[in-house]
Structure formats: C-alpha cells, structure tokens
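In terms of the numbering used here, the sequence shown opens at residue 184 and continues consecutively. We treat Cβ as the ideally placed atom computed from N, Cα and C, and that holds for glycine. Just so you know, these numbers come straight off a predicted model, no measurement behind them.
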Amino acid sequence: MNFLYGNSHNQTDNFKYIDWTKLCEIVTNPEQSEFKHWEHAKANAPVIAATDATAKTKPSVISHNNMTMIRVDVDDSTFDIDDIKHNLESVLCIESYIIHSTHRAYQIDTETGEDFGPRWRVYIELSKPLTVTDWAMAQDMLSDFLDGDGCASRPQQIMYLPTRYDGDEYQFYIGSGTPYERYGMITEYCREIAEEHASDNEKTIYEPPKNPVPLVGNQVSLIDVFNQHVSVESVIRNGGYKKSGKKWKSPWSTSTAGGIIYKPKSGGERYTTYSETEQGHLGLSEGCGYDAFDMYCKINHQDNVRSALKAIGDMPEFQSVTKHNAREYMINKHNEEVEALNNG
Numbered sequence: 184m185n186f187l188y189g190n191s192h193n194q195t196d197n198f199k200y201i202d203w204t205k206l207c208e209i210v211t212n213p214e215q216s217e218f219k220h221w222e223h224a225k226a227n228a229p230v231i232a233a234t235d236a237t238a239k240t241k242p243s244v245i246s247h248n249n250m251t252m253i254r255v256d257v258d259d260s261t262f263d264i265d266d267i268k269h270n271l272e273s274v275l276c277i278e279s280y281i282i283h284s285t286h287r288a289y290q291i292d293t294e295t296g297e298d299f300g301p302r303w304r305v306y307i308e309l310s311k312p313l314t315v316t317d318w319a320m321a322q323d324m325l326s327d328f329l330d331g332d333g334c335a336s337r338p339q340q341i342m343y344l345p346t347r348y349d350g351d352e353y354q355f356y357i358g359s360g361t362p363y364e365r366y367g368m369i370t371e372y373c374r375e376i377a378e379e380h381a382s383d384n385e386k387t388i389y390e391p392p393k394n395p396v397p398l399v400g401n402q403v404s405l406i407d408v409f410n411q412h413v414s415v416e417s418v419i420r421n422g423g424y425k426k427s428g429k430k431w432k433s434p435w436s437t438s439t440a441g442g443i444i445y446k447p448k449s450g451g452e453r454y455t456t457y458s459e460t461e462q463g464h465l466g467l468s469e470g471c472g473y474d475a476f477d478m479y480c481k482i483n484h485q486d487n488v489r490s491a492l493k494a495i496g497d498m499p500e501f502q503s504v505t506k507h508n509a510r511e512y513m514i515n516k517h518n519e520e521v522e523a524l525n526n527g
C-alpha cells in the first residue's frame with residue numbers, strides 16, 4: 184500500500200506516493216536538513232498522510248475513503264521507546280511498525296525549561312486498507328492506549344518525516360513482522376473502553392483515611408513536601424509498573440490488564456484502582472484516590488508509614504527538611520523543659 188508524500192507541508196498538488204519499504208528507509212536514514220533549528224527543519228521537512236488519496240484536504244481524503252496506515256502522535260506521554268514497543272508487541276500483538284522521535288524531540292516547558300519526556304510518531308502497517316470510519320476507530324484505540332493526541336484521528340492529518348539537524352537527538356525503531364490484521368480486536372477494545380468509562384462515571388473517588396504524623400513547633404510535614412516534589416507517576420514507574428494505555432500493569436500481574444488507573448483530581452494528582460490483584464497485593468481500596476506518598480508507602484514499605492518517612496528523610500533532596508524538623512524538635516523540647524521548670 185502507498186501513502187501520499189509531499190516535499191513539505193506547503194505542497195498542495197502533484198503529490199507522489201511511497202510505500203512501507205520506502206518509509207522505513209527514510210526513517211532509518213533521514214536527510215540532513217540545511218537548517219540548524221528544529222522549527223525550521225520541521226517546516227521544510229517532507230510530509231506523508233495515512234492515505235493514498237490524490238490530495239491532503241479533508242474532502243478529498245473522505246471521498247477517497249481508503250486509509251492505508253494507522254498513526255499515533257505521542258506528544259504528552261512519559262513513554263520511552265521501550266514502553267511503546269512493549270505496548271505494541273506484547274499487549275496489542277502488533278508486529279510491523281515504526282517509532283521515531285519528532286523534530287522537537289522533548290516536551291519542554293517554554294517558561295521553566297522543564298523536560299516532560301520525549302515526543303514520538305508511531306506508524307502501524309496494515310494488511311488491507313480501511314474505510315475512514317473503521318480507521319478512525321482504530322486511531323482512537325491506539326491513541327487511547329499510547330496516550331496519544333486525539334487529533335491523529337483526523338483523516339487529513341499530515342505527518343512530518345524526520346530530518347537531521349545540528350544538535351538533534353534522533354531515535355527510531357522499526358518492528359518487522361506481519362502487517363496488522365486483527366481488526367476485530369479494535370471493535371472489542373472500543374466496546375470495553377466505552378463500558379469502562381460508563382462504569383467509572385458511576386464511581387466516586389474518595390480520600391483514604393490518613394494517620395496524621397504529629398508535628399511540633401514549626402516543623403514541616405515531610406509528607407506534604409514529598410507530594411509537592413514527587414509525582415505519583417514516578418512512584419508507580421519506579422515500583423516496576425508498566426504503562427498500558429491509561430492503566431499501569433503491576434510487575435506481579437499475569438494478565439494484560441492494567442491494575443492501577445489514573446484519575447485526575449483537583450488539588451493534586453491521584454491514583455485509584457479497580458483491580459482485585461492490586462487491592463490484594465498493595466492493600467488498595469476500590470475507588471480510593473492515593474497521592475504520591477500513599478503509593479510510595481504501599482509499594483516500597485508495605486504500608487509502614489514510619490519506615491517510609493525515615494527512607495524519605497534520608498534522601499538527599501529531603502535532608503534539609505529532616506534537619507529543619509530535628510532543630511524544631513530540639514527547640515520545642517527545650518521550651519517544654521523550661522516551661523516545666525517554671526511551673527514547678
């Protein structure tokens with residue numbers, strides 16, 4: 184099957200076509216751009232579309248009704264290339280695919296400069312063309328599973344092919360095997376997701392009961408500081424969990440289903456679970472939201488709060504809080520002793 188190919192996003196007619204083999208060659212050996220900045224390199228890079236239509240406009244693609252590739256933009260995920268490979272191969276049983284980094288290889292906050300992880304493009308080779316309707320369903324499934332961008336389900340969407348430029352950090356991987364043909368899986372997956380979302384909407388996330396750690400004087404809550412500086416996702420990932428779509432699969436799970444589900448919550452990120460495996464292993468409660476400290480305590484210290492606090496207090500990034508609290512403890516103890524003498 185072929186894909187519409189243009190020399191740049193500005194091209195409007197006289198398109199050429201490339202096949203999967205040529206696409207693999209381009210990804211393996213991208214052209215060297217004459218431009219030194221990713222924005223200029225991208226603006227002048229060749230593009231493709233997931234169709235063999237005669238033009239890249241929406242009316243043309245829809246009337247042609249012949250989609251020849253599934254693609255996903257993974258721009259706002261924490262996935263590395265191995266995570267995507269795992270989800271494609273082990274979970275979705277997809278063998279023939281391409282992963283490559285984008286021209287702007289990382290998610291960078293323009294104000295703080297903080298790096299939120301890599302950005303990827305994923306292409307799936309198909310065994311047969313899909314109608315626009317079936318293709319959009321497949322796109323939604325893959326986007327949901329890989330934390331992809333929803334705009335990828337627009338049939339006229341173009342993809343910028345990689346080009347090299349000075350200082351880039353280009354990465355790619357090509358999976359070789361049989362083109363994707365398990366289309367019944369797409370329908371079944373979308374049905375399960377719809378049922379899951381309907382079920383989730385009926386459940387309420389509640390706060391787990393807290394065992395307050397007493398503070399004295401001007402001591403600072405180490406739990407609060409930990410939650411402010413450590414993400415729940417990093418705790419889950421460091422605990423050996425693998426992300427599968429919106430869920431996280433535990434290292435001891437024997438099924439393909441993710442055990443921990445992310446639920447955004449005002450006032451801070453939270454995780455909840457509906458998996459009996461996680462409830463039994465970690466002592467999680469169904470529908471209960473957990474913050475970073477909750478999950479760290481359960482995963483790393485068998486729910487022993489004292490042990491978790493000691494370990495956190497010994498971490499280099501939190502030792503200043505530990506020292507501050509120790510000073511406050513001594514000051515408070517001294518004040519109590521003085522008060523006792525005065526009252527005696």
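- Under DSSP, no beta-bridge partner is assigned to residue 221.
- Rounded to the nearest angstrom, the Cβ distance from residue 188 to residue 231 is 5 Å, consistent with a contact under 8 Å.
- Here the segment 208-219 makes no contact with the segment 257-271; the two share fewer than three CB pairs at distances below 8 Å.
- Residue ranges of uninterrupted alpha helix (DSSP H) with 4 or more members, entirely inside the segment 232-313 and ordered along the chain, are 241-247 and 264-269.
- Residue 208 is not bridged by DSSP to any residue.
- Under the three-state reduction of DSSP, residue 511 is assigned to helix.
- Counted as a single uninterrupted DSSP element, the alpha helix (DSSP H) harbouring residue 492 occupies residues 488-497.
- Using a Cβ distance threshold of 7 Å, residue 475 and residue 421 do not count as a contacting pair.
- Put simply, of 488, 485, 424 and 408 the residue whose alpha carbon is nearest the alpha carbon of residue 508 is 408.
- In the DSSP assignment, residue 317 falls within the alpha helix (DSSP H) that extends over 315-328.
- The C-alpha of residue 225 lies about 47 Å from the C-alpha of residue 484.
- Between residue 361 and residue 278, the C-beta gap is smaller than 7 Å, which places the two residues in contact.
- Separation of the CB atoms of residue 282 and residue 356 is rounded to 5 Å, and the pair is thereby assigned contact status at 8 Å.
- When DSSP states are grouped into helix, strand and coil, residue 424 belongs to the coil group.
- Scanning 337, 329, 481 and 341 for the CA closest to the CA of residue 418 turns up 481.
- Straight through space, the alpha carbons of residue 305 and residue 237 are spaced by roughly 23 Å.
- Residue 338 counts as buried, since at least 16 other C-beta atoms from the protein chains shown sit within 10 angstroms of its C-beta.
- Exclusion of the five residues before and after residue 220 leaves 348 as the residues of its chain whose Cβ lies within less than 8 Å of its Cβ.
- Beta-bridge partners of residue 343 (DSSP): 230.
- Counted as a single uninterrupted DSSP element, the stretch harbouring residue 479 is not any beta strand (DSSP E) but the alpha helix (DSSP H) occupying residues 475-484.
- DSSP lists 425 as the beta-bridge partner residues of residue 432.
- If you ignore the 5 residues before and after residue 233, its C-beta comes within less than 6 Å of the C-beta of 250, 252 and 254, all in its own chain and listed in chain order.
- Bridge pairing for residue 202: 185 [DSSP].
- In the three-state reduction of the DSSP assignment, residue 214 falls in the strand class.
- Residue 228 is classed as buried because its beta carbon has at least 16 other beta carbons within 10 Å across all chains shown.
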